[in-house]
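These notes are about the structure you will find just below.
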Amino acid sequence: MLAWFGKQPTFHDAEIISLSLNRTGASELKIHGWIMTDDVDLNGYIVLDKHAVVTFRLEGVMDLQLDGFSGQNVIAGLVLRYAIDRGRSCYYAMPEDPRDIEIELIPCYGLDGFIRAKKVAISFNPGRPTGERA
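Quick note, our numbering runs 6 ahead of the 1-based positions in the sequence shown.
Here you go:
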């Protein structure tokens, strides 16, 4: 993914395509991301390059706090890190571990929040989501 984007993506203004939460088995978060260039098109908009649909496959989801789901879900950014202590461990169905991973969706418009899981695998498909125009 880093080779495709050419740098670490921030997912600024990226759109959440889908979020599927499963009690057992894997859950998935799909995001349409890109790289913002320094170029501006004829209409004055920043040119976006390296479009991709990035899938975060989460195993062992043990905590989450999500808010604001709507017809369009744009995030200001995405933070992927080892999970931080949010003082909620008494609610976990599994023991916490320093290797737990957290995805934080920085709010812009629509869905935001965080998901804590035991494992996160990342895959991507270059290009725009199916059915989206250029």
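Yeah, the Cβ is synthetic: ideal placement off N, Cα and C, and Gly gets one too.
Residue i, enclosing alpha helix (DSSP H) - first and last residue
i: F11; result: 8-11
Check whether residue i and residue j have beta carbons under 8 Å apart
i: V80; j: F130; result: no
i: Y88; j: D106; result: yes
i: K125; j: E65; result: yes
i: A9; j: R63; result: no
i: F11; j: I41; result: yes
i: G83; j: T16; result: yes
i: I109; j: L86; result: yes
Close Cβ partners of residue i (< 7 Å) along its chain, the five nearest in sequence each way excluded
i: F75; result: G116, L117
i: D47; result: V53
Any C-beta of chain C under 8 Å from that of residue i
i: R105; result: No chain C is part of this structure, which consists of one protein chain only.
Own chain partners of residue i with C-beta closer than 8 Å, once the 5 adjacent residues on each side are dropped
i: Q78; result: E21, Y115, G116
i: A99; result: M68
Near the ligand FAD: residue i beta-carbon under 7 Å from a heavy atom
i: L86; result: With respect to small molecules bound, the structure shown includes none, and the ligand FAD cannot be examined in it.
Bounding residues of the beta strand (DSSP E) (the contiguous stretch that carries residue i)
i: Q71; result: 52-73
Just to confirm the assignment: which complete beta strand (DSSP E) runs, minimum length 3, are found wholly within the stretch 81-127? 107-115
Between the stretch 52-59 and the stretch 108-121, do three or more beta carbon pairs fall short of 8 Å? no
Assess, as a yes-or-no matter, whether the stretch 25-41 is touched by the stretch 88-101 under the definition of 3 or more beta carbon pairs within less than 8 Å. no
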